[in-house]
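Some notes on the structure that comes next.
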Amino acid sequence: MIGRSTPRRRATATGALVAASALLAVGLQSQVSTAAPQAKPDPGALSVKLSPSQRAELLRDAEAGSSATAKALGLGAKEKLVVRDVVKNADGTVHTRYERTYDGLPVLGGDLVVEESPGGTVAEVAKATTAKIAVPSTAAPASKKPSRAAAEGSTAPRKVVWAADGEPVLAWERVVAGTQEDGTPSELHIVTDAATGEKLAEWEGVHTGTGESMYSGRVSLGTSGSGGSYTMTDVNRGNHRTYDLNGGSSGTGTLFSDADDLWGNGSPSNRQTAGVDAHYGAALTWDYYKNVHGRNGIRGDGKAPYSRVHYGNAYVNAFWSDSCFCMTYGDGANNSKPLTSIDVAAHEMTHGLTSNTAGLRYSGESGGLNEATSDIFAAAVEFRANNSSDVGDYLVGEKIDIRGNGTPLRYMDKPSRDGNSKDYWYSGIGSVDVHYSSGPANHFFYLLSEGSGAKTVNGVSYDSPTSDGKPVTGIGIGAAEKIWFKALTEKMTSTTNYAGARTATLSAAADLFGADSVQHKAVAHAWAAVNVGSRPDDGGGEPGDNVFENTDDHAIPDPGTVESPITVNRSGNAPGDLKVDVDIVHTYRGDLVIDLVAPDGSTYRLKNSGWDSGDDVRASYTVDASSETASGTWKLRVRDVYRTDSGYINSWKLTF
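If you're matching positions, the sequence shown starts at 84 in the working numbering and goes up one per residue.
Quick look at the structure:
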């Protein structure tokens with residue numbers, strides 16, 4: 084069992100922190116083959132290392148100015164901003180992440196990130212929802228209040244405003260504790276309408292996956308003590324500690340101690356061995372985020388989570404939990420394969436980073452991006468580790484042998500090789516288990532790092548396809564990891580979907596390398612190669628006379644119809660593969676019917692309305708328009724067939 088998601092009518096999201104995250108592992112490596120120029124990012128766009136006191140001062144300043152910020156953003160009188168995180172760039176730009184309240188109630192799906200220029204002016208705002216936050220009343224009928232579950236660890240229902248899906252409504256949120264089928268703890272979040280009792284959303288707070296350990300060989304550990312009494316306490320990395328649960332499934336366990344500061348023997352029969360690998364993996368991850376991205380701990384506050392090993396009996400999993408701020412590892416099949424390898428440790432610790440930054444909700448498309456983020460940085464950590472006993476690769480869980488036949492759990496170059504993961508984005512991917520819907524993002528990262536086609540990296544052969552059959556040139560993992568980190572910590576929110584991830588990474592690439600850079604274009608190519616958005620003009624279509632675009636905004640009536648025109652001056656007929664790229668911002672794309680209207684009035688259906696798992700429409704369509712005269716006015720017709728959700732045509736283009 085490596086995770087599950089819950090089918091639902093629409094994509095949902097929340098600003099609430101994910102409670103726990105179980106493992107998924109990915110490997111990368113210290114050397115990458117790529118033909119792309121290795122330009123250095125703009126130093127001013129990189130995060131600076133903040134000491135705990137510097138970070139605390141920025142948070143205090145943001146909190147003190149939160150009322151003024153709310154006013155500047157045009158929030159309502161009953162809305163308040165609550166500071167959650169802050170990132171400062173070397174050029175003085177500050178990104179402050181806020182949760183939102185309404186009349187004192189938490190707004191789930193109301194989180195936002197404010198980018199302030201060095202001069203203190205608001206330069207950009209990334210919002211989890213564009214809807215106006217307001218409900219008729221915050222009084223809820225007692226008859227619709229859900230009862231508290233009896234299980235230990237369950238929480239009493241709390242009243243919230245649910246803003247992650249269309250029009251905000253008053254709701255109840257509760258967390259029901261339990262156990263999943265494989266023994267993983269369960270923290271099931273359930274949101275219900277306060278007026279009707281209807282379930283609005285649910286998601287599993289425990290993120291599942293698999294990994295392996297005992298592959299790092301002899302390593303240096305950060306420990307404390309002297310004179311015959313040592314413990315696994317790393318004072319140089321936020322006092323990270325590693326504990327032995329000794330087969331238990333609750334509590335902290337016993338802090339590993341030793342008389343001679345020589346730990347384990349490389350065999351699972353020695354209880355310290357699993358502790359060594361977990362402790363070492365956490366140290367590598369801490370160093371990676373601090374040295375590569377300037378993040379002092381996953382919360383940015385200089386304080387480390389702790390690790391627990393030997394969880395349960397033959398437990399084939401590992402997980403992250405917000406409630407304990409800790410990573411937990413089982414001993415694997417027959418208690419002989421502890422799940423404590425470098426990539427597993429990095430994967431779990433990264434769930435903590437995601438929880439404390441973008442807060443990507445763990446279901447739907449945001450859940451797939453959450454899992455992919457842990458895979459991506461687990462891979463990056465393994466690359467940086469440069470450990471000859473556990474070299475990096477673009478395989479996921481290659482050492483765990485979960486299937487018993489020596490094959491990896493997943494493949495980043497072609498995710499579908501595992502039999503479940505998806506290579507490319509499609510409109511229903513939000514209903515797929517998050518470990519499999521992570522495929523397009525993992526594929527994107529591989530393509531961005533290495534490019535498409537057949538190649539060998541560090542002795543491993545890959546052959547990465549693209550959805551449109553066109554090539555992608557990689558820019559190297561060093562640039563790719565910086566782009567994803569900046570997007571995660573400064574651009575993404577709890578509701579970010581695949582289209583939003585494309586926007587966030589393009590923005591991050593522009594900040595780091597420039598809007599006309601090779602890296603920025605590579606991001607667009609890599610996303611288009613997994614069917615998220617279109618190719619830039621230098622790929623997939625000739626520039627100049629072949630491309631016609633309308634970038635004017637056109638509001639979509641709710642409900643109603645709007646048309647956006649493009650005048651084409653081109654002789655002859657349109658091609659049989661006329662490419663239509665659409666960029667529509669909307670709070671629920673399932674309401675939308677989209678048609679291409681030819682100059683003679685003929686229509687070509689691009690998209691029907693109906694159940695759909697997301698909001699914005701950023702897609703590329705191909706139309707056989709060979710019977711149409713190219714010259715004339717073409718129109719993109721968009722019809723909103725239901726009330727409540729709103730949006731606008733941001734841009735669209737035709738490539739002949």
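All residues carry an ideal CB built from backbone N, CA and C; glycine is no exception.
Taking each of A611, V515, S136 and T423 in turn and checking the Cα distance to G534, the smallest one comes out for A611. Contact check for R701 against A582 passes: the beta carbons are separated by less than 8 Å. Counting C-beta atoms within 10 angstroms of its own C-beta, R618 has 16 or more neighbours from the protein chains shown and is therefore classed as buried. Judged by DSSP in its simplified three-state form, G583 adopts helix.
By the neighbour-count definition (other C-beta atoms within 10 Å, threshold 16), Y725 is an exposed residue. Going by C-alpha positions, Y363 is about 12 Å away from Y371.
In the three-state DSSP reduction, Y372 falls in the helix class (H, G or I).
For G192, the enclosing beta strand (DSSP E) has its first and last residue at L188 to E199. Spanning the alpha carbons of T670 and V721 requires a straight line of approximately 14 Å.
Per DSSP, R143 is not a residue of any beta strand (DSSP E); the alpha helix (DSSP H) it occupies stretches across P135 to A147. Rounded to the nearest whole angstrom, the CA to CA distance from K553 to K574 is 28 Å. Bridge partners of C409 according to DSSP: Y389 and S404. In this structure the segment 598 to 607 does not lie against the segment 489 to 502, because fewer than three pairs of beta carbons, one per stretch, are closer than 8 Å. Annotation for E448: the continuous alpha helix (DSSP H) segment containing it runs G447 to A468.
Within the same chain, and ignoring the five residues on either side of G673 in sequence, the residues whose Cβ sits closer than 7 Å to its Cβ are R93, S692, G693, W694 and D695. The C-beta of P648 has fewer than 16 other C-beta atoms within 10 Å across all chains shown, which makes the residue exposed. The DSSP-derived three-state label of S547 is strand. The C-alpha of Q263 lies about 20 Å from the C-alpha of E256.
Taken through DSSP and simplified to helix, strand or coil, E256 comes out as strand. Around T588, the same chain offers I566, W567, A570 and V606 as residues with beta carbons nearer than 7 Å, after the five sequence neighbours per side are excluded. When secondary structure is reduced to three states using DSSP, N172 falls in the strand class. Within the model, the alpha-carbon separation for D343 versus R138 is close to 38 Å.
Close CB contacts of S590 within its chain, under the 6 Å cut and outside five residues either way in sequence, are with K574 (chain order). Looking from the CA of G305, the closest CA among R320, S312, S299 and G311 belongs to R320. Counting only residues of its own chain and dropping the five nearest sequence neighbours on each side, V177 has a CB closer than 6 Å to the CB of K171 and E199. For I381 and V359, the gap between their C-alpha atoms comes out near 21 Å.
Between R688 and D699, the CB-CB gap reaches or exceeds 8 Å. The DSSP-derived three-state label of Y494 is strand. Here T423 really is in contact with A357; their C-beta atoms are around 5 Å apart, less than 8 Å.
Note on geometry: alpha-carbon atoms of C407 and K163 lie some 28 Å from one another.
About 5 Å separates the CB atoms of S577 and D194; that is less than 8 Å, so the two are in contact. Under the criterion of beta carbons closer than 8 Å, E632 and K538 do not qualify as touching, at roughly 34 Å.
Apart from the 5 residues on each side of it in sequence, L129 sits with its Cβ closer than 6 Å to the Cβ of A173 in its chain, given in chain order. Under the criterion of beta carbons closer than 8 Å, D186 and T212 do not qualify as touching, at roughly 17 Å. In terms of CA proximity to A225, A278 leads the group A278, K215 and S269.
Residue state for E235 is assigned as coil, using DSSP reduced to three classes.
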